[in-house]
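Peer 1: I have a structure I would like to understand better, so I am pasting it below and will then ask my questions one at a time.
Protein chains: 2
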Amino acid sequence: MAIQQTEPLPSWNDGQAKQSIIEFVAKVTKDGESTLVPPPERIAVFDNDGTLWPENPLPFQLAYVLDELKRRTPHEPTLAADLMVQAALNGDLKKLLGDSYKGLLHVLALTHIGMTTAEFRLTVEDWLASAAHPKSGKPYDQMVYQPMLELQDYLTANGFKNFIVSGGGADFMRVWAERVYGIPPEQIVGSTAETQYELRDSGPVLVKTMNHLFVNDKQGKPVGIHQFIGRRPIACFGNSDGDQAMLEYTTINNPYPSLGLIVHHTDGEREYAYDVKPQGTGKLDQALQAADYRGWTVVNMKTDWQVVYPFELS
Amino acid sequence: MAIQQTEPLPSWNDGQAKQSIIEFVAKVTKDGESTLVPPPERIAVFDNDGTLWPENPLPFQLAYVLDELKRRTPHEPTLAADLMVQAALNGDLKKLLGDSYKGLLHVLALTHIGMTTAEFRLTVEDWLASAAHPKSGKPYDQMVYQPMLELQDYLTANGFKNFIVSGGGADFMRVWAERVYGIPPEQIVGSTAETQYELRDSGPVLVKTMNHLFVNDKQGKPVGIHQFIGRRPIACFGNSDGDQAMLEYTTINNPYPSLGLIVHHTDGEREYAYDVKPQGTGKLDQALQAADYRGWTVVNMKTDWQVVYPFELS
């Protein structure tokens with residue numbers, strides 16, 4: 012094991028959260044100790060929205076959907092005539108989320124299926140190159156949390172393999188996750204649906220559909236972890252009740268030492284402040300109570316993080 | 012890149028197959044050449060049944076099913092009374108495979124669902140420790156092809172990441188694949204179904220179901236590769252028409268150099284000899300014709316392999 016030459020986690024203030032991470036990593040990597048975990052078992056899982064980047068004012072993938080609809084509607088009359096598209100463009104979230112998210116699934120379908128995986132990738136890349144977050148004015152993929160990037164590097168340097176385990180679309184995240192987090196496509200577990208294989212004159216393609224949609228959230232997170240990773244993680248990082256099941260799956264009766272950690276959004280100035288009553292997604296209620304009796308670490312974003320975004324460093 | 016100190020692929024006879032592998036690996040790993048492939052893109056995918064171990068006289072996972080039914084039937088009257096169980100125990104494959112594999116899915120369900128993933132793992136481990144292959148008399152997990160093990164090691168030493176992409180059950184393969192092939196659970200793409208998460212007094216468990224069954228075969232293989240790996244492989248190893256789609260997906264219009272390879276079962280003495288008319292699974296017809304015009308390498312098991320199984324070496 013390489014010895015960490017520089018102080019780890021420089022953007023983390025000294026405190027319980029930083030200490031619990033460092034103590035955990037020391038425990039599972041120290042040769043000769045009974046708490047040593049063999050490197051292949053050092054699996055860490057990270058939620059994405061609200062844990063690695065913000066989920067406000069809208070989850071970023073939903074911002075993509077709205078921007079795509081805005082971009083395409085002027086040229087596509089059927090899209091312009093679609094009532095749910097109109098609701099989306101008018102910001103009528105209540106209509107989109109009603110009737111078991113029927114409208115949301117409909118606009119997701121309009122912007123996520125019927126094209127090849129390669130075409131989808133290009134569209135997301137174009138969006139990332141042009142769109143700006145309303146609060147920071149920065150491209151969305153520059154708004155990742157600097158302390159979490161450092162945590163990922165620290166774990167990697169200590170023999171961990173990091174996975175994203177997110178309710179977001181795997182195809183959406185795979186476009187930028189390798190560049191931004193250094194996490195390769197095969198370590199992205201997200202919501203997925205089956206593609207359709209076709210051998211065209213131009214070569215083999217996969218056409219995106221919504222068939223067999225798997226929503227990787229809540230109880231679906233340990234299910235997705237088993238399906239894609241095939242073993243229990245020893246470290247789990249989340250921020251909402253949607254992460255509670257995978258925090259349990261990681262930490263309860265795990266034969267190895269384990270770490271559960273929740274990012275608590277307490278910083279309304281630099282980021283957003285919310286928990287039991289979020290503006291949109293990201294409700295943190297049951298999982299915060301569970302943190303107490305399960306011994307999960309809770310990060311106070313306001314006091315534990317010296318900086319939030321990488322662009323604050325320069 | 013570490014330089015290979017010993018002669019690679021010692022159990023392969025000199026010939027076109029061995030040469031095409033070595034030339035391909037040299038091409039994609041040579042620094043400064045335009046054909047160099049960055050290590051993260053060096054993804055290799057291997058079919059399992061018939062490519063890494065035999066699929067005769069029955070696919071090994073089906074042998075597991077039959078052995079399980081034999082073991083349990085004396086103690087479980089409802090199992091003994093089941094007509095499809097009786098058909099399975101009488102070797103009536105026609106009945107099992109008729110009506111769109113209805114009987115097969117039924118006996119698969121009886122032996123693969125309703126238990127936790129941990130319980131399933133133990134049952135498979137017990138079977139591997141006790142069952143013997145009818146031809147060799149050896150445990151099934153000792154019947155992997157020695158030349159393919161050497162090929163995996165050779166690729167790994169050259170910066171490749173190897174994945175299994177098989178129609179077999181992911182949960183079944185993950186029990187032994189890390190020990191036998193050195194391939195970790197997160198690099199096993201197989202047929203999967205959703206599990207059900209439960210937090211029991213004993214801790215969190217995942218109960219196996221057949222819901223959202225995904226059969227990772229034929230056109231499903233590129234679909235599975237995209238869903239689980241998220242990028243195109245540059246090397247693909249198969250043995251049957253079930254692998255044709257992933258061979259196409261790997262080799263046609265790939266921006267990187269690529270290798271497609273088919274193991275042709277030509278050795279009735281040491282292994283089994285079959286192609287267009289297999290005894291059971293593993294039909295090789297269209298894919299063998301395609302090998303010609305696609306430039307895929309065809310391995311003649313009888314003449315290309317000095318040994319078939321590791322136990323021949325000792």
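Chains as they are written, first to last, in the working numbering: chain G, 12 to 325; chain F, 12 to 325.
Using N, Cα and C, we set each Cβ at its ideal position, and we do this for glycine too.
Let me make sure I understand the geometry here. Which of G:P150, G:I263, G:E197, G:I33 has the alpha-carbon closest to that of E52 of chain F?
Peer 2: Out of G:P150, G:I263, G:E197, G:I33, G:E197 has the C-alpha closest to the C-alpha of E52 of chain F.
Peer 1: Across the region 100–120 of chain F and the region 147–159 of chain F, are there enough close Cβ pairs to call them in contact, namely three or more that are closer than 8 Å?
Peer 2: Result no; under three Cβ-Cβ pairs closer than 8 Å.
Peer 1: If you measure between the beta carbons of D303 of chain G and G26 of chain G, is that distance less than 7 Å?
Peer 2: No, Cβ-Cβ distance for D303 of chain G and G26 of chain G is not below 7 Å.
Peer 1: Are H275 of chain F and V318 of chain F touching if we call contact CB-CB under 7 Å?
Peer 2: Taking 7 Å as the Cβ cut-off, H275 of chain F and V318 of chain F do not qualify as a contacting pair.
Peer 1: What does V39 of chain F reach in chain G if we use C-beta pairs closer than 9 Å?
Peer 2: In chain order: nothing, as chain G lies at least about 17 Å away.
Peer 1: If you measure from the beta carbon of N59 of chain F to each beta carbon in chain G, is any gap under 7 Å?
Peer 2: False, the Cβ-Cβ gap to chain G never drops below 7 Å.
Peer 1: Would you mind sorting Q230 of chain G into buried or exposed? The rule is 16 or more other CB atoms within 10 Å of its CB.
Peer 2: Buried: at least 16 other Cβ atoms inside 10 Å.
Peer 1: If you reduce the DSSP assignment to three classes, tell me which class W187 of chain G lands in.
Peer 2: Here W187 of chain G sits in coil by DSSP.
Peer 1: For the pair the region 115–125 of chain F and the region 212–225 of chain F, tell me if three or more CB-CB distances fall below 8 Å.
Peer 2: The region 115–125 of chain F, when compared against the region 212–225 of chain F, does touch it at the 8 Å Cβ threshold.
Peer 1: Can you have a look at V191 of chain G and say buried or exposed, based on whether 16 or more other CB atoms are within 10 angstroms of its CB?
Peer 2: When all chains shown are included, V191 of chain G counts as buried.
Peer 1: Compare the C-beta of W187 of chain G against all C-beta atoms of chain F and say whether one is closer than 7 Å.
Peer 2: No, W187 of chain G lies away from the interface with chain F (no Cβ there is under 7 Å from its Cβ).
Peer 1: Determine the closest residue to S269 of chain G out of G:G291, G:I245, G:E280, with distance taken between C-alpha atoms.
Peer 2: Ranking the options by Cα distance to S269 of chain G, first place goes to G:I245.
Peer 1: What are the boundary residues of the beta strand (DSSP E) that L178 of chain F is part of?
Peer 2: Residue identity check: residue 178 of chain F is Gly in the sequence provided, not Leu. Taken as a continuous stretch (DSSP letters only), the beta strand (DSSP E) holding G178 of chain F covers 172–180.
Peer 1: Throw me the rounded Cβ distance for the V39 of chain F and T46 of chain F pair, which I believe falls under 8 Å.
Peer 2: With 8 Å as the limit, V39 of chain F and T46 of chain F qualify as a contact, their Cβ atoms being about 6 Å apart.
Peer 1: Using three-state DSSP, classify L104 of chain F as helix, strand or coil.
Peer 2: Looking at L104 of chain F - three-state DSSP - the assignment turns out to be helix.
Peer 1: Taking the C-alpha atoms as reference points, what is the distance between A13 of chain F and R185 of chain F?
Peer 2: Only weak support is given to the placement of A13 of chain F: the predicted model assigns it a pLDDT of 49, under 50, and the question is left unresolved by the model.
Peer 1: Within its chain, find whatever has a CB closer than 7 Å to the CB of R82 of chain F; leave out the 5 residues flanking it on each side and keep chain order.
Peer 2: Nothing meets the Cβ criterion.
Peer 1: With 7 Å set as the bound, which would you pick, yes or no: does the beta-carbon of I240 of chain F sit closer than that to a beta-carbon of chain G?
Peer 2: Yes, I240 of chain F counts as interfacial toward chain G.
Peer 1: Please look up how many angstroms separate the CB atoms of T62 of chain F and N250 of chain F, rounded, as I've assumed it's under 8 Å.
Peer 2: Correct: roughly 5 Å between the Cβ atoms.
Peer 1: DSSP state of I236 of chain F, grouped into three classes?
Peer 2: If DSSP states are grouped into helix, strand and coil, I236 of chain F belongs with the helices.
Peer 1: So E161 of chain G and S31 of chain G are supposed to be a Cβ contact under 8 Å. How far apart are they, rounded?
Peer 2: 15 Å between Cβ atoms; not a contact.
Peer 1: Can you name the residues of chain G whose CB is closer than 8 Å to the CB of H223 of chain F?
Peer 2: Neighbours of H223 of chain F on chain G, chain order: H223, F225.
Peer 1: Starting from the beta carbon of Q72 of chain G, find every residue of chain F whose beta carbon is closer than 8 Å, and list them in chain order.
Peer 2: Under the 8 Å cutoff, chain F gives no residues; its nearest Cβ is about 16 Å from Q72 of chain G.
Peer 1: Using a Cβ-Cβ cut-off of 8 Å (strictly less than) and excluding sequence neighbours within five positions of V48 of chain F, which residues of its own chain qualify?
Peer 2: The residues are V39, T40, I245, Y267, P268.
Peer 1: Would you say I263 of chain G lies against chain F (beta-carbon separation less than 7 Å)?
Peer 2: Closer than 7 Å: yes.
Peer 1: Please go through the same chain and pick out, in chain order, the residues whose beta-carbon is closer than 6 Å to the beta-carbon of T84 of chain F, but skip the five residues on each side of it.
Peer 2: Answer for T84 of chain F: L90, A91, listed in chain order.
Peer 1: So if DSSP puts L77 of chain G in a beta bridge, which residue, or which two residues, is it bridged to?
Peer 2: DSSP, once it has assigned bridges, lists no residue as partnering L77 of chain G.
Peer 1: Residues in the region 203–217 of chain G with C-beta within 8 Å of chain F's C-beta atoms, listed in sequence order?
Peer 2: Hits within the stretch, in order: T203, E205, T206, Q207, Y208, L210, S213, G214, P215, L217.
Peer 1: Looking only at C-alpha atoms, which of G:I33, G:I240, G:Q72 sits nearest to N59 of chain G?
Peer 2: Answer by Cα proximity: G:Q72.
Peer 1: Identify which residue in G:H86, G:Y75, G:G114, G:I263 has its Cα closest to the Cα of L94 of chain G.
Peer 2: Minimum Cα distance to L94 of chain G is reached at G:G114.
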